[in-house]
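Participant:
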Amino acid sequence: MDSNIGIPKYITVRDHLRQRLTSMQAGEQLPTEAELCTQYNVSRITIRRAVDDLIRDGALVRKQGSGTFKTRDDPSTGEVLSEHIRGFFRQQSDLGRKVYTKVLQNHLINDALIAAKLDLHDDADIIELERLRYVNDELQQHVATYLPAQRFSAVLEHDFSHGSLYEFIEQSYAIELSRNEVVVRIEKADPAVASFFGIPSESSVLAMDSTVFDTFGSTIAFGTALHPPEHSEVRFIITNRS
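Letter 116 of the sequence shown, counting from 1, is numbered 116 in this note's numbering, and no numbers are missing.
1) With a threshold of 7 Å on Cβ separation, who are the neighbours of Asp119 within its own chain once the five nearest residues in sequence on each side are excluded?
2) Report the rounded CA-to-CA distance for Val135 versus Lys9, giving the unit in angstroms.
3) At what residues does the beta strand (DSSP E) containing Glu157 begin and finish?
4) Tell whether a beta-carbon distance below 8 Å holds between Gln29 and Gly65.
5) From which residue to which residue does the alpha helix (DSSP H) around His227 run?
6) What number of angstroms, rounded off, separates the C-alpha of Glu157 from the C-alpha of Ala144?
7) Buried or exposed, going by whether 16 or more other CB atoms sit within 10 Å of the CB of Phe152?
8) In this structure, how does DSSP classify Pro191 when only helix, strand and coil are distinguished?
9) Taking DSSP as the reference, what is the three-state secondary structure of Phe196?
10) Exposed or buried, Glu230, counting other C-beta atoms within 10 Å across all chains shown (16 or more means buried)?
11) For my contact list, Leu147 and Ile127 are in at a C-beta cut-off of 8 Å; report their separation, rounded to the angstrom.
12) Of all the options Ala192, Leu54, Glu35, Arg48, which has the alpha carbon lying nearest to the alpha carbon of Pro228?
13) When DSSP builds the beta bridges, which residues end up paired with Met208?
14) With Glu33 and Arg48 assumed to form a contact (beta carbons below 8 Å), what rounded beta-carbon distance in angstroms separates them?
15) Going by Cα to Cα distance, which pick from Gly163, Lys117, Lys102 is closest to Leu139?
16) Span of the beta strand (DSSP E) holding Arg253?
17) What span of residues does the alpha helix (DSSP H) with Ile114 cover, start to end?
18) Tell me which same chain residues have a C-beta within less than 6 Å of the C-beta of Gln150, skipping the five on either side of it?
19) Which partner residues does Glu33 have in the DSSP bridge list?
20) Can you give me the C-alpha to C-alpha distance between Arg97 and Gln19, rounded to a whole angstrom?
21) Taking the beta carbon of Val246 as the centre, do at least 16 other beta carbons fall within 10 Å, making it buried, or is it exposed?
22) Quickly, what does DSSP pair Leu177 with across the bridge? List them, please.
23) According to DSSP, is Arg14 part of a helix, a strand, or is it coil?
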């Protein structure tokens, strides 16, 4: 299988497998590891890593002695937190849902507090990407994401009305996102957010602060996602590495 220059083979295989899953029925079995190696002309290690990513995302489930299967759709549209870094767009798309993003702002700012969270100097240029995320035409979250402008300038030119920010970064800059530190809390909605959600100002909303790092420990992004009360479910997936 041909891989785009700079993109690890397992990511190319993973993304192609993810696309295949959209045409599979819930509970349908994936081809065996050996069959996938032949189909994609890659090693078992590559296939295993691609499939493991999809298992951690919740798109596949491995049953001992039986094989690997597409998971059944989960009626919940809440955020899923697992040990693997994958954005909201990909989580919901993998469940067969229609995801749409309305981009409110994608521009440069200077903010000393945000700069500190990104390990930048106080007056550094920062990209602010502010979005509304819809699932099946229903507003699910308001998210503001901040990135170092010097490193990720291409973000300013990209249309994020569809697609994943994290995958764009991985593919455009050939980096691997390694760690995501998440803080879940409750905050009061300001008038603008309250208007988006159709709730009274100062209503309580679920807030999730996320700081993402690459394999070298450099801070890639910081963001806050706000969820309206009716979509404030967070599901954690914790696995035993042993």
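All residues carry an ideal CB built from backbone N, CA and C; glycine is no exception. Bear in mind the structure is a predicted one, so any value in this text is a computation, not a measurement.
Facilitator: So, from the listed chains and residues:
1) On the sequence shown, residue 119 is found 119 positions in, with the first residue counted as 1. If we look at Asp119 and ignore the five residues flanking it on each side, its Cβ neighbours are Thr219.
2) Against the sequence shown, residue 135 aligns to sequence position 135. Against the sequence shown, residue 9 aligns to sequence position 9. Rounded to whole angstroms, Val135 to Lys9 spans 30 Å at the Cα level.
3) Taking the sequence shown and counting its residues from 1, one reaches residue 157 at position 157. Element bounds for Glu157: n/a, residue is neither H nor E.
4) By 1-based counting over the sequence shown, the position of residue 29 is 29. By 1-based counting over the sequence shown, the position of residue 65 is 65. For Gln29 and Gly65, no; Cβs fall outside 8 Å.
5) Taking the first residue of the sequence shown as position 1, residue 227 is located at position 227. Unbroken run through His227 is the beta strand (DSSP E), 219–227; no alpha helix (DSSP H).
6) Residue 157 sits at position 157 when you count from the first residue of the sequence shown. Residue 144 sits at position 144 when you count from the first residue of the sequence shown. Looking at the two C-alpha atoms, the distance is approximately 17 Å.
7) The residue you call residue 152 lines up with position 152 of the sequence shown. When all chains shown are included, Phe152 counts as buried.
8) Against the sequence shown, residue 191 aligns to sequence position 191. Here Pro191 sits in helix by DSSP.
9) Locating residue 196 in the sequence shown gives position 196, counting from the first residue. In this structure, Phe196 counts as helix in the three-state DSSP scheme.
10) The residue labelled residue 230 in the question sits at position 230 within the sequence shown. That one is exposed.
11) In the sequence shown, counting from the first residue as 1, residue 147 sits at position 147. In the sequence shown, counting from the first residue as 1, residue 127 sits at position 127. Confirmed, about 5 Å.
12) In the sequence shown, counting from the first residue as 1, residue 228 sits at position 228. The candidate whose alpha carbon is nearest that of Pro228 is Ala192.
13) Translated into positions along the sequence shown, residue 208 becomes position 208. Beta-bridge pairing links Met208 to Val184, Ala225.
14) Counted from its first residue, the sequence shown places residue 33 at position 33. Counted from its first residue, the sequence shown places residue 48 at position 48. Their Cβ separation, rounded to whole angstroms, is 7 Å, which keeps Glu33 and Arg48 in contact under 8 Å.
15) Here residue 139 corresponds to residue number 139 of the sequence shown, with the count starting at 1. Nearest of Gly163, Lys117, Lys102 to Leu139, Cα basis: Lys102.
16) Residue coverage of the chain in this structure runs from 1 to 242, which leaves residue 253 outside it and unanswerable.
17) Here residue 114 is taken as the residue at index 114 of the sequence shown, counted from 1. Ile114 -> alpha helix (DSSP H) spans 112–117.
18) Along the sequence shown, read from residue 1 onward, the residue named residue 150 stands at position 150. No residues qualify anywhere along the chain.
19) Your numbering for residue 33 matches position 33 in the sequence shown. Partner(s): none; Glu33 has no beta bridge.
20) Position 97 of the sequence shown, counting from 1, holds the residue named residue 97. Position 19 of the sequence shown, counting from 1, holds the residue named residue 19. Roughly 13 Å between the two C-alpha positions.
21) The chain is shown from 1 up to 242; residue 246 falls before or after that span and cannot be answered.
22) As a first step, residue 177 must be located in the sequence shown, where it is residue number 177. Bridge partners of Leu177: Asp214.
23) Looking up residue 14 in the sequence shown gives position 14. Three-state DSSP puts Arg14 in a helix.
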